[in-house]
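Okay, so here's the structure we're looking at.
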Ligand SMILES: [Zn+2]
Ligand SMILES: [Zn+2]
């Protein structure tokens, strides 16, 4: 049977989801080695609070604590947001295939790539994925943030807590909404089921994509209200804007 599949793969090779070239013996399902090695890491100066990429290093040279205008105007509830990559090119396509095809098998390779890109310098007690609502979990079959969290918490030696941060209601997909609508859409949508477990803990909150940060901000708010000592956000990719 295995031989038969190998023969089929040889005769009809799967094509790369990004560049359409045949995928033979790639480490990663649906992506060729070249595209996978072209995933875009987030490099260069970023806002020390929200992780937004700065166009020039000048601001940080003058003051390493310099935050972007959005963070100074409306400080986020999380302490720091880190992202492994930029949401573009093959990484954007990989996240799309992972979530919407959906292709669960990409979770492991994406988590491994994510952990490789980030230097975690802050102490952590607990890793938590952004939860999915039951209805979306049923539809997708897995929580994409949980698979990423499972992959990275081993690397950072942080225990995983996967059912304490919960979604209390269904929300519209954030991708359909504008910046202001996103914050409104997720307001009051999360809760901490067992506050005692996060009290005085340093939490690592994990999700796939950081766009406006509205979801992470709302999760950080309920974690802080439950007594978390700090909330560090880690996402696989951040939009470039
Ligand atoms: Zn490719
Ligand atoms: Zn910022």
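In our numbering, the protein residues as written are 782 to 1022. Here a beta-carbon is modelled for each residue, glycine too, at the ideal position from N, C-alpha and C.
Check: Residue from 842, 831 and 859 with nearest C-alpha to residue 851; Outcome: 831
Check: Residue 981, DSSP secondary structure in three states; Outcome: coil
Check: Pairwise C-alpha distance: residue 859 and residue 1014; Outcome: 7 Å
Check: Per DSSP, the bridge partner or partners of residue 871; Outcome: Partner(s): none; residue 871 has no beta bridge.
Check: Residue 973: first and last residue of the uninterrupted beta strand (DSSP E) it sits in; Outcome: 971-973
Check: Boundaries (first-last residue) of the alpha helix (DSSP H) holding residue 902; Outcome: Where residue 902 is concerned, there is no enclosing alpha helix (DSSP H), given that its DSSP letter is neither H nor E.
Check: Cutoff 7 Å; reference residue 993; Cβ partners in own chain excluding five residues on either side; Outcome: 960 and 963
Check: heavy atom of ligand 2 below 8 Å from residue 960 C-beta; Outcome: no
Check: DSSP beta-bridge partners of residue 909; Outcome: 986
Check: Span of the alpha helix (DSSP H) around residue 915; Outcome: 915-921
Check: Proximity of residue 905 and residue 1002 at Cβ, strictly below 9 Å; Outcome: no
Check: Three-state secondary structure (DSSP) of residue 818; Outcome: helix
Check: Span separating the alpha-carbon of residue 899 from that of residue 892; Outcome: 11 Å
Check: Which residues DSSP lists as bridging residue 1019, in chain order; Outcome: 867 and 991
Check: Contacting residues, own chain, Cβ-Cβ under 6 Å from residue 1054 (five flanking each side not counted); Outcome: The first residue shown for the chain is 782 and the last is 1022, placing residue 1054 beyond what the model contains.
Check: Given 8 Å, three or more beta-carbon pairs between the stretch 964-978 and the stretch 922-934; Outcome: no
Check: Presumed contact (8 Å Cβ cut-off) between residue 912 and residue 948, rounded CB distance; Outcome: 5 Å
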